[in-house]
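Trainee: Numbering (the working numbering), first residue to last: 3 to 348.
Even glycine gets a Cβ: it sits at the ideal position worked out from N, Cα and C.
Small disclaimer: the values here were computed from a predicted structure and weren't measured.
Shown below is the structure under consideration.
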Amino acid sequence: MTMRLYWKAAALAALVTSGGAAFAQEAGGNLNGRWDAALVRNGVEVPFRLDIKGDGPTLQGVFYDGWSAYDGTTSASFKDNQLVLNVDHYLTTINASLKHGKLAGNAFAQNRETSAEYTFTAVRHVEKPASTAKVPSIEGTYVIPLDTPSSKGEKAFRFIAHQRGDEVAAAILRIDGDTGSYSGTYKDGKWLLSHFDGGRPGVLVVTPKADGTLDIQQQVERPGQAAASAASNEYGRGATPDGRYAPTLVAYREDVAKAKGFPEPDDALNHTSVRDPNEIFAFNFPDLDGKPVSNKDFEGKVVLAIVTGTWCPNCHDEAQYLVELDKKYRDQGLAIVALTFEEPAQ
């Protein structure tokens, strides 16, 4: 055998071996590991991290909020190379087929006002070499003045960014919660940040300016949808187009915003208040079994009443702290009562 024929035979053997291994893995249905996934709709791509773990009844998809594992699927299945991921509390379903080591399909997401279908794709994650490029620092807290007040009367938001090298995780903080942590990297003079934690898909393009401000481009479809909803239902009326949905926002360092006399973001502790602080907070609602539960059931206890909902991402954040609070103080007389407003489908 000549040297040239030997190398051709070796290359063919390697190709058959690797192809056989890939086929065996695909046929075996082992999806475990990290995937680089994306949702696409109307030309906008929303990249996100998806971890898949378990098998059979333990199969689960895990989503990320910024750099942290956040929420998981409520049910999942993989059969005949068909993957189904469900996040019931967000009314989100992902259906995808595994072919040649890639996942492709669609995602259907619904919230209180609208529903949307996205193209879904995912490939196995491959670690990239650490970047040596010089990137600007945007670490810190900023103020975003609004050209138009929000529907809740806010005149400014906060923008909070955490940075590690060429990676950033950032969120816009409003009086009713935050956007979730958008994460991404620096490329061509811009930070390309995205977010999907089972709900709230979106993209922020953050461009540092020479004067120290940040130009924040929001990928926004919501204003038109909210306007249509406003005419037809109560929820929509609370989501009418406002400064919150402006396609472009400008963020200033806190000290600069103060020096310029911009309005400050609302104080969360004073934005909402009780009608009469001396009045007993009375409630009476059915529990999951239909049994009435009222404030009188907790006489002699310190009651922390929470208004919440399983559809609310920020409520999921809050729940983690409430669990720790309950563990620490339940035996000392603390009762945490969740007044949960739910959609029928959830």
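Kindly identify the DSSP beta-bridge partner or partners of I177.
Mentor: Along the sequence shown, read from residue 1 onward, the residue named residue 177 stands at position 175. DSSP output for I177 lists no bridge partner at all.
Trainee: Would you call D190 buried or exposed, if buried means 16 or more other Cβ atoms sit within 10 Å of its Cβ?
Mentor: Working through the sequence shown from its first residue, we reach residue 190 at position 188. Looking at its Cβ environment, which holds fewer than 16 other Cβ atoms inside 10 Å, D190 is exposed.
Trainee: From Y92 to G311, what distance separates their C-alpha atoms?
Mentor: The residue labelled residue 92 in the question sits at position 90 within the sequence shown. The residue labelled residue 311 in the question sits at position 309 within the sequence shown. Approximately 10 angstroms, taken between the alpha carbons.
Trainee: D328 lies in the alpha helix (DSSP H); which residues open and close that run?
Mentor: Position 326 of the sequence shown, counted from the start, is the residue given in the question as residue 328. Per DSSP, D328 belongs to the alpha helix (DSSP H) from 315-331.
Trainee: If you run the structure through DSSP and keep just helix, strand and coil, what is T60?
Mentor: Residue numbering aside, residue 60 sits at position 58 when the sequence shown is read from its first letter. DSSP places T60 in helix when its eight states are reduced to three.
Trainee: With three or more C-beta pairs closer than 8 angstroms as the rule, is the region 157-169 touching the region 286-302?
Mentor: Touching, no.
Trainee: Spatial neighbours of V86 within its chain, please: C-beta separation below 6 angstroms, excluding the five flanking residues on both sides.
Mentor: On the sequence shown, position 84 is the one that residue 86 refers to. These residues qualify, in order along the chain: S79, N97.
Trainee: State the CB to CB distance for the pair A158 and F264, rounded to an integer number of angstroms; the pair is presumed to be in contact (CB under 8 angstroms).
Mentor: For the purposes of this step, residue 158 is taken as residue 156 along the sequence shown, with counting starting at 1. For the purposes of this step, residue 264 is taken as residue 262 along the sequence shown, with counting starting at 1. Right, the Cβ-Cβ distance comes to about 6 angstroms (below 8 angstroms), so this counts as a contact.
Trainee: Near V48, what residues of its chain come up, given a Cβ to Cβ distance below 7 angstroms and the 5 sequence neighbours on each side ignored?
Mentor: Taking the sequence shown and counting its residues from 1, the one referred to as residue 48 is at position 46. These residues qualify, in order along the chain: A40, L41, S196, F198, P203, G204, V205.
Trainee: Okay, do the region 142-154 and the region 241-261 touch, 3+ Cβ pairs below 8 angstroms being the bar?
Mentor: Output reads yes: the region 241-261 touches the region 142-154.
Trainee: Taking the continuous alpha helix (DSSP H) assigned at E256, which residues delimit it?
Mentor: If you number the sequence shown from 1, residue 256 lands on position 254. Here the alpha helix (DSSP H) through E256 covers 256-261.
Trainee: Going by DSSP, name the residue or residues bridged to P151.
Mentor: Looking up residue 151 in the sequence shown gives position 149. In DSSP, P151 forms no bridge with anything.
Trainee: If you reduce the DSSP assignment to three classes, tell me which class Q334 lands in.
Mentor: The residue labelled residue 334 in the question sits at position 332 within the sequence shown. Three-state DSSP puts Q334 in a helix.
Trainee: Relative to the C-alpha of V128, which candidate in D269, R36, P267 has its C-alpha closest?
Mentor: Your numbering for residue 128 matches position 126 in the sequence shown. When each option's Cα is compared against that of V128, the closest is R36.
Trainee: Measure the alpha-carbon distance for S153 versus I177 and round it to whole angstroms.
Mentor: Numbered from 1 along the sequence shown, position 151 holds the residue referred to as residue 153. Numbered from 1 along the sequence shown, position 175 holds the residue referred to as residue 177. Between S153 and I177, the C-alpha separation is close to 11 angstroms.
Trainee: If we ignore side chains and look at the alpha-carbon of each, how far apart do T209 and L216 end up?
Mentor: By one-based count along the sequence shown, residue 209 stands at place 207. By one-based count along the sequence shown, residue 216 stands at place 214. Cα to Cα, T209 sits roughly 6 angstroms from L216.
Trainee: Within a Cβ cutoff of 6 angstroms, which residues of the same chain sit near Y72, ignoring the five residues on either side of it in sequence?
Mentor: Start at 1 with the first residue of the sequence shown, and residue 72 comes out as number 70. So the qualifying residues of the chain are F65, Y66, D199.
Trainee: Is it buried or exposed, T296, if we count other Cβ atoms within 10 angstroms and call 16 or more buried?
Mentor: What you label residue 296 is simply residue 294 of the sequence shown in a count that begins at 1. One point to set straight first is that residue 296 is Ser, not Thr, in the sequence displayed. When all chains shown are included, S296 counts as exposed.
Trainee: Once DSSP output is grouped into helix, strand and coil, what is the label at G186?
Mentor: Here residue 186 refers to the residue found at position 184 when the sequence shown is read from its first residue. It is a strand residue.
Trainee: Got a sec, what are the start and stop residues for the alpha helix (DSSP H) A270 sits in?
Mentor: By one-based count along the sequence shown, residue 270 stands at place 268. Per DSSP, A270 belongs to the alpha helix (DSSP H) from 270-273.
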